[in-house]
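See structure below.
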Amino acid sequence: MNGIKITTIYDNIKSDARFQTDWGFGCIIDHPYARILFDTGEKPEILEANLKTASITPESIDIIILSHKHSDHQGGLFWLTQKNPNAKIYIPKTWNKKLETQLSQWTTNLHTIKDDFLLTKGLHLIVTENFSIREQTLAIETSQGTLVITGCSHTGVDHIAQKVQTTTKSNILAIFGGFHLLRSSKKEIVDITEKLKHMQIKRIAPCHCTGEEATEIIETQFGQNFIPNGAGAQFVFEE
Ligand SMILES: [Zn+2]
Ligand SMILES: [Zn+2]
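Written as structure tokens, this is what we have:
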């Protein structure tokens, strides 16, 4: 296919009535290099149903990336690996030792990522960490700027965006995923939103753990450049 298509396949917010919702996150990125699933949601049966609705077979997924160790992002992985043992899997290094061992019985294609990693030219895994978690973000370079897919942003969405810009040396065209602001104070939300605006991020599509209040504030601040996101939402960009 021409261009890059992003489909939110698993989310607690609904964008398309045909899709099921549940707490968690997952999205498909159709890139000329590969079909990528970034995060797998929590419940395999919901992942399976939503993939079917989007006419995506488990066997057609080339790469699976897990942003971090929480169950609402990795719950669908075992089911998927059994359906498609050939998919390459990229997980952050401190992911989960027990699950890592179990998983290696199903696949020989498991890669643990400690530092920033280049999947191929223009496709980066950007690693951020704080005291308790290591999280990886997908950054996709395009002729118009970089597309960013984040899971829960436990390490701070502003920090992640900053690191993506420094690494790719280009501006962010759009950012998708959970911003983890659901327990943040109004002041924290406003501060982070301002930082994102100052980075001149063109379009913003928060979902999952962003929280209602934060989503409203971001929508007000970004106006026309806010894109509603949730299960079933689709976005197409030029390469
Ligand atoms: Zn999380
Ligand atoms: Zn989450």
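The opening residue of the sequence shown carries number 59 in my numbering; numbering runs sequentially from there. Just so you know, even glycine gets a beta-carbon here, dropped at the ideal spot from N, CA and C.
Cβ of P210 within 7 Å of any heavy atom in ligand 1?
For the purposes of this step, residue 210 is taken as the residue at position 152 of the sequence shown. Note that residue 210 corresponds to Cys in the displayed sequence, not to Pro. Indeed, a heavy atom of ligand 1 lies less than 7 Å from the Cβ.
To the nearest angstrom, report how far apart K221 and L254 are at their CA atoms.
Here residue 221 is taken as the residue at index 163 of the sequence shown, counted from 1. Here residue 254 is taken as the residue at index 196 of the sequence shown, counted from 1. Answer to the nearest angstrom: the Cα atoms are 12 Å apart.
Residue(s) in a DSSP beta bridge with C267:
Residue 267 sits at position 209 when you count from the first residue of the sequence shown. BP columns for C267 are empty, so no partner.
Is the closest heavy atom of ligand 1 to the C-beta of H182 under 7 Å?
In the sequence shown, counting from the first residue as 1, residue 182 sits at position 124. Not so, every heavy atom of ligand 1 lies at least 7 Å from the Cβ.
Find out if the Cβ-Cβ distance for the pair L196, I123 is shorter than 8 Å.
In the sequence shown, residue 196 corresponds to position 138, counting from 1. In the sequence shown, residue 123 corresponds to position 65, counting from 1. Yes, the pair counts as a contact, with Cβ atoms nearer than the cut-off.
Distance cut-off 7 Å: C265 Cβ against heavy atoms of ligand 2:
To locate residue 265, count along the sequence shown from 1; it is residue 207. Outside the cutoff, so no.
So, is N144 buried or exposed, given that buried needs 16 or more other C-beta atoms within 10 angstroms?
Position 86 of the sequence shown, counting from 1, holds the residue named residue 144. The residue is exposed, with fewer than 16 neighbouring Cβ atoms inside 10 Å.
Report the three-state DSSP secondary structure of D69 (helix, strand or coil).
As a position in the sequence shown, residue 69 is number 11, starting the count at 1. D69: strand per DSSP, three-state reduction.
Given Q279, which residues of its chain have a CB within under 7 Å of its CB, disregarding the five upstream and five downstream residues?
As a working note, residue 279 is residue 221 in the sequence shown. Correct list, in chain order: T251 and K255.
Could you give the DSSP three-state label for D173: helix, strand or coil?
The count along the sequence shown starts at 1 and reaches residue 173 at position 115. In the structure shown, D173 sits in coil (DSSP, three-state: anything other than H, G, I, E or B).
Quick one: what does DSSP say D88 is sitting in, helix, strand or coil?
Working through the sequence shown from its first residue, we reach residue 88 at position 30. It is a strand residue.
Just to confirm my understanding: we take L109, look at its own chain, exclude 5 residues before and 5 after, and list those with CB closer than 7 Å. What are they?
The count along the sequence shown starts at 1 and reaches residue 109 at position 51. Taken in chain order, the residues that qualify are I67 and P116.
Going by Cα to Cα distance, which pick from T111, L161, L205 and I121 is closest to G133?
Walking along the sequence shown from the start, residue 133 turns up at place 75. Out of T111, L161, L205 and I121, L161 has the C-alpha closest to the C-alpha of G133.
Verify the contact flag: H131, CB atom, against every heavy atom of ligand 1, threshold strictly below 7 Å.
Locating residue 131 in the sequence shown gives position 73, counting from the first residue. Result yes, Cβ under 7 Å from ligand 1.
What do you get for S211, buried or exposed, if any count of 16 or more other CB atoms within 10 angstroms of its CB means buried?
Position 153 of the sequence shown, counted from the start, is the residue given in the question as residue 211. Answer is buried; the Cβ neighbour count reaches 16.
Could you tell me if the beta carbon of F83 falls within a distance shorter than 7 Å of some heavy atom in ligand 2?
Here residue 83 corresponds to residue number 25 of the sequence shown, with the count starting at 1. At least one heavy atom of ligand 2 is nearer than 7 Å to the Cβ of F83, so yes.
Between H256 and ligand 1, is there a pair consisting of the residue's CB and a ligand heavy atom that are separated by less than 7 Å?
Mapped onto the sequence shown, residue 256 falls at position 198. Taking non-hydrogen atoms of ligand 1 into account, the C-beta of H256 is found less than 7 Å away from none of them.
Roughly how many angstroms lie between the CA atoms of V185 and K172, to the nearest whole one?
Here residue 185 is taken as the residue at index 127 of the sequence shown, counted from 1. Here residue 172 is taken as the residue at index 114 of the sequence shown, counted from 1. Approximately 7 Å between the Cα atoms of the pair.
Throw me the rounded Cβ distance for the F234 and N154 pair, which I believe falls under 8 Å.
As a working mapping, residue 234 is identified with position 176 in the sequence shown. As a working mapping, residue 154 is identified with position 96 in the sequence shown. The C-beta separation of F234 from N154 comes to about 24 Å, leaving the pair out of contact by the 8 Å criterion.
Just to confirm before moving on: does the CB-CB distance between T208 and Y91 stay below 8 Å?
Locating residue 208 in the sequence shown gives position 150, counting from the first residue. Locating residue 91 in the sequence shown gives position 33, counting from the first residue. No; because the gap between Cβ atoms is not below 8 Å, this pair is not in contact.
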